[in-house]
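Since the structure comes first, as structure tokens, the remarks are kept for the end.
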Amino acid sequence: MRHHILSVLVENKAGVLARVAGLFARRGFNIYS
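Written out as structure tokens, the structure reads:
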């Protein structure tokens, strides 16, 4: 299994983290924090 690291810098607004997490979840990627 290949692992990739992706850093994302977003503005501190309500719902931004949920939107980013949803984007990856729709494509079947797991997010580890």
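Taking my numbering, the leading residue of the sequence shown gets 11, the next gets one more, and so forth. Beta carbons are placed, not taken as given, at the ideal position from N, Cα and C, and that holds for glycine. Note that this is a predicted model, so its numbers are computed, not measured.
Suppose the cutoff is 8 Å on Cβ atoms and the five residues either side in sequence are ignored; what does the same chain contact list for residue i look like?
| i | result |
| --- | --- |
| Ser17 | none |
| Val30 | Val18, Val20 |
Apart from the five residues just before and just after residue i, which ones in its own chain have a Cβ nearer than 6 Å to its Cβ?
| i | result |
| --- | --- |
| Val26 | Val20 |
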